[in-house]
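Okay, so here's the structure we're looking at.
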Amino acid sequence: MLAGILSSLPGAVSQGILWGIMALGVYITYKILDIADLTVDGSFATGGAVCAVCVLSGMNPLLSVLLAMLAGCVAGAVTGILHTVFDIPAILAGILTQLGLYSINLRIMGRSNTPLLKVETLFDKLSNLLPGLGSSYIAICIGVIAVVLVVVALYWFFGTEVGSEIRATGNNEAMVKALGGNTRLMKAFGLAISNGLVALSGALVCQSQGYADVTSGQGAIVMGLAAIVIGNVLMGWGKAFGTKMVSAIVGSIIYRIIIAVVMQTGFVDTQDTKLFSALLVAVALAVPVMVERHRNKPKREE
Amino acid sequence: MMLELKNVKKTFNRGTINEKKALEGIDLQMNPGDFITVIGGNGAGKSTMLNMIAGVYPVDSGAIVIDGKNVTRQPDYKRAAYLGRVFQDPMMGTAADMEIQENLAMAYRRGKRRGLKWGISKKEKEIYHETLKMLDLGLEERMTSKVGLLSGGQRQALTLLMATLQQPRVLLLDEHTAALDPKTGAKVLDLTRELVEKNQLTTLMITHNMKDAIRLGNRLIMMHEGRIIYDVAGQEKQKLKVADLLGKFEEASGGEFANDRMILS
Ligand SMILES: Nc1ncnc2c1ncn2[C@@H]1O[C@H](COP(=O)(O)OP(=O)(O)O)[C@@H](O)[C@H]1O
Ligand SMILES: [Mg+2]
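Those sequence lines, one after another, are chains A and B.
Taken in order, the first sequence gives residues 807 to 1108; the numbers are from the numbering used here.
Taken in order, the second sequence gives residues 393 to 657; the numbers are from the numbering used here.
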């Protein structure tokens, strides 16, 4: 069993990194904007769908990823408009977009599953450059490059005037308005960026596994939350924005490792992973609350 | 005229059993540099009047003109270019999870376009450092601390500073010392007077403390049931006594006694 666990580690780490970009997207809405955005499950698949169709049409795989990201931004903007212009509660706005995206993703691909046959993905290209390196290690390389670029870009962006305003909007809307900030625009903007990252993650995952699937984003939001929660448990001491982003990535990797280990023990079947994920997140969210409640309970005199 | 309200009316929940006429035709004119204190019982419409000026809710009828510009149809965040605001709740004026200097930087950009300029320049930091010194709270040495670590009084003082960092055409203060302990409240009030005098700010200050209402500012208005029922300025205002105001209030409310909150001072 130990050998099995060890051999499954590189794959788990690579998946953790590639899905970690999705977790960063979730971090922007859930932690920075204080919005639970359910668009994610749809926009993740959109990223894969757009990327697959582009690559198959002969487009450069890197350009395909960027286009997929753009599609994700549009999806996020739709949720943003539903929420800020029409005042639909954020959760419902996200569900509406997510539902609509399911059909759109089918339209984009023309079918529910699109294999990337006879085309060269980013991962194939790097594999040709570094022959002998296993596919998991290739995925880790590309994942690390992508994560570094995204983290640096986000660190820069959230330090700009507009970025600060988005952070402040999640923190204290009344204040931002009183200081002349357009909070509706900031929320829509944040949702677009978030879903752009989610789609980027979806596109990279699609290329790494060699196919796009309409169901690939199912439960993505839960995995994103799991990554953030686990990251917070492990690296909660870090209050700086950079540390928070790294902790989401680390959380995503650990989450994948936990899943891989649990699968190896044989207690949990492939079909049970979603239930296990849901339980994991529920427990991770509940534990701090219970601890706090226990701590605040008045001590009984003995 | 720095601020003009022309027959401003507002009814909340019109046509429901919760219908509430909050403002029944407010006319107010403020000259540049006017410092008006606003008093009145609970539910008199004081906060609603300030919210109308700030554009938190649209008016039902009437017009609001700030420094010659009719802003009646402008959304709140656009009017913010002209207004400095401090709320009763010390938590409302600052972003807790952001640094003191980040909060100031946003206030420094009130009414300006936000772009992709990164961080806070050294020159800006020097300005904030100098401004914070004025508070005498030592905050100038903690500019990278998160605002959430500050006390209510410190946060309110910071909010006041932020509201005036970019000179506002009108400063709106809604019982901004009411949530603070008396000593801290007095300090923030002193700071208010200092800032208003130094910058010649046109100011509307709601207070439930009648002594403060008489002591501060050059004009006083009393509101009752959505109307301005008493408006006094200059010499006449300086000579007012708390008892005079209580008398006015009883007269307006038909002999009812002023509530405890108004008598407390
Ligand atoms: N957003 C609102 N919705 C409904 N009623 C409101 C709202 N804001 C204020 N009111 C009502 O309008 C009246 C005036 O309130 P307000 O201006 O807050 O009084 P004051 O600040 O003088 O105590 C009160 O009866 C209050 O209940
Ligand atoms: Mg009030």
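Glycine is no exception: its CB is placed at the ideal position from the N, C-alpha and C atoms.
The structure displayed is predicted, hence computed values, not measured ones.
For chain B, is any of its Cβ atoms less than 7 Å away from the one on residue i?
i: asparagine 1038(A); result: no
i: asparagine 911(A); result: no
i: glutamate 967(A); result: yes
i: glutamate 797(A); result: Only positions 807 to 1108 of chain A appear in this structure, which leaves residue 797(A) out of reach.
i: glutamate 1109(A); result: Residue 1109(A) is absent from the model: chain A starts at 807 and stops at 1108.
i: glycine 886(A); result: no
i: glutamate 1108(A); result: Because the pLDDT at glutamate 1108(A) is just 47, under 50, the model does not fix this residue reliably, and the point stays unresolved.
i: isoleucine 1046(A); result: The sequence given here places alanine at residue 1046(A); isoleucine does not occur at that position. Output row for alanine 1046(A): interface = no.
i: alanine 959(A); result: no
i: leucine 985(A); result: yes
i: asparagine 988(A); result: yes
i: alanine 974(A); result: yes
Establish whether the CB of residue i and some CB of chain A are separated by less than 7 Å.
i: proline 560(B); result: no
i: glycine 511(B); result: yes
i: serine 657(B); result: Note that serine 657(B) has pLDDT 45, beneath the 50 cutoff, so the model's placement of it is unreliable and the number below is only indicative. Answer no: the Cβ-Cβ gap between serine 657(B) and chain A never drops below 7 Å.
i: aspartate 652(B); result: Its pLDDT being 49, under 50, aspartate 652(B) is placed unreliably by the model, and the measurement read from it follows with that caveat. For aspartate 652(B), the answer is no, since every Cβ of chain A falls outside 7 Å of its Cβ.
i: aspartate 573(B); result: no
i: leucine 496(B); result: no
i: leucine 524(B); result: no
i: alanine 455(B); result: no
i: leucine 508(B); result: yes
i: glycine 540(B); result: no
i: glycine 669(B); result: Given a span of 393 to 657 for chain B in the structure shown, any question on residue 669(B) remains unanswerable.
i: aspartate 459(B); result: no
i: methionine 484(B); result: yes
i: alanine 499(B); result: yes
i: tyrosine 449(B); result: no
i: arginine 477(B); result: yes
i: tyrosine 474(B); result: no
i: aspartate 566(B); result: no
With respect to the alpha helix (DSSP H) encompassing residue i, which residues constitute its N-terminal and C-terminal limits?
i: arginine 611(B); result: Looking at the DSSP string, arginine 611(B) is not in any alpha helix (DSSP H); the run it does join, the beta strand (DSSP E), is 611 to 616.
i: aspartate 623(B); result: Counting along the chain, aspartate 623(B) falls outside any alpha helix (DSSP H), though it belongs to the beta strand (DSSP E) covering 619 to 625.
i: glycine 949(A); result: 941 to 963
i: phenylalanine 383(B); result: Outside the shown range of chain B, which is 393 to 657, sits residue 383(B), and nothing can be said about it.
i: threonine 852(A); result: 846 to 862
i: arginine 505(B); result: Premise fails: arginine 505(B) is in no alpha helix (DSSP H) and is neither H nor E.
i: isoleucine 1060(A); result: 1047 to 1071
i: leucine 541(B); result: Counting along the chain, leucine 541(B) falls outside any alpha helix (DSSP H), and DSSP gives it neither H nor E.
Verify whether the separation of the beta carbon atoms of residue i and residue j is less than 7 Å.
i: glycine 987(A); j: alanine 829(A); result: no
i: leucine 542(B); j: valine 478(B); result: no
i: arginine 611(B); j: isoleucine 409(B); result: no
i: leucine 939(A); j: glycine 831(A); result: no
i: leucine 564(B); j: leucine 638(B); result: no
i: methionine 602(B); j: valine 624(B); result: no
i: serine 1005(A); j: glycine 853(A); result: As written in the sequence, residue 1005(A) is alanine, which differs from the serine given in the question. Cβ distance < 7 Å, so alanine 1005(A) and glycine 853(A) count as in contact.
i: alanine 605(B); j: isoleucine 445(B); result: no
i: glutamine 1070(A); j: glycine 810(A); result: yes
i: alanine 436(B); j: histidine 616(B); result: yes
i: leucine 985(A); j: methionine 498(B); result: yes
i: leucine 496(B); j: tyrosine 520(B); result: yes
i: leucine 898(A); j: alanine 881(A); result: no
i: aspartate 566(B); j: isoleucine 598(B); result: yes
i: alanine 1018(A); j: alanine 855(A); result: yes
Ends of the beta strand (DSSP E) at residue i?
i: alanine 414(B); result: 412 to 422
i: asparagine 1019(A); result: Before going further, note that residue 1019(A) is aspartate rather than asparagine in the sequence given. Start and end: 1017 to 1019.
i: glycine 454(B); result: 453 to 458
i: phenylalanine 404(B); result: 395 to 404
i: proline 921(A); result: 919 to 921
i: glutamate 562(B); result: With the sequence shown as reference, residue 562(B) is identified as valine, and glutamate is not the correct amino acid for it. 562 to 566 is the span of the beta strand (DSSP E), which, as asked, contains valine 562(B).
i: arginine 477(B); result: 475 to 478
i: leucine 868(A); result: Where leucine 868(A) is concerned, there is no enclosing beta strand (DSSP E), although the alpha helix (DSSP H) it sits in stretches over 867 to 890.
i: isoleucine 606(B); result: Unbroken run through isoleucine 606(B) is the alpha helix (DSSP H), 602 to 607; no beta strand (DSSP E).
Kindly examine ligand 3 and report whether one of its heavy atoms sits closer than 6 Å to the Cβ of residue i.
i: lysine 575(B); result: Absent from the structure shown: ligand 3. Ligands present: ligand 1 and ligand 2.
Whose CB is closer than 5 Å to a heavy atom of ligand 1? List the residues in chain order.
Phe404(B), Lys412(B), Ala414(B), Asn434(B), Gly435(B), Ala436(B), Gly437(B), Lys438(B), Ser439(B) and Thr440(B)
Evaluate contact between the region 413 to 421 of chain B and the region 394 to 405 of chain B, counting only Cβ atoms and requiring at least three cross-stretch pairs below 8 Å.
Yes: at least three Cβ pairs fall under 8 Å.
Give a yes or no on contact between the region 1025 to 1040 of chain A and the region 871 to 879 of chain A, applying the rule of three or more CB pairs nearer than 8 Å.
no
Assess contact between the region 970 to 990 of chain A and the region 482 to 497 of chain B, defined as three or more Cβ pairs (one per stretch) separated by less than 8 Å. Is contact present?
yes
Taking one C-beta from the region 882 to 901 of chain A and one from the region 856 to 874 of chain A each time, how about it: are there three or more such pairs within less than 8 Å?
no
Is it the case that the region 1017 to 1033 of chain A contacts the region 838 to 851 of chain A, given that we only count it when at least three CB pairs across the two stretches are under 8 Å?
yes
Can you find at least 3 beta carbon pairs, one from the region 911 to 928 of chain A and one from the region 857 to 864 of chain A, that sit closer than 8 Å?
Yes, they touch.
Specify whether the region 449 to 467 of chain B and the region 1096 to 1104 of chain A touch according to this definition: at least 3 beta carbon pairs, one from each stretch, less than 8 Å apart.
no
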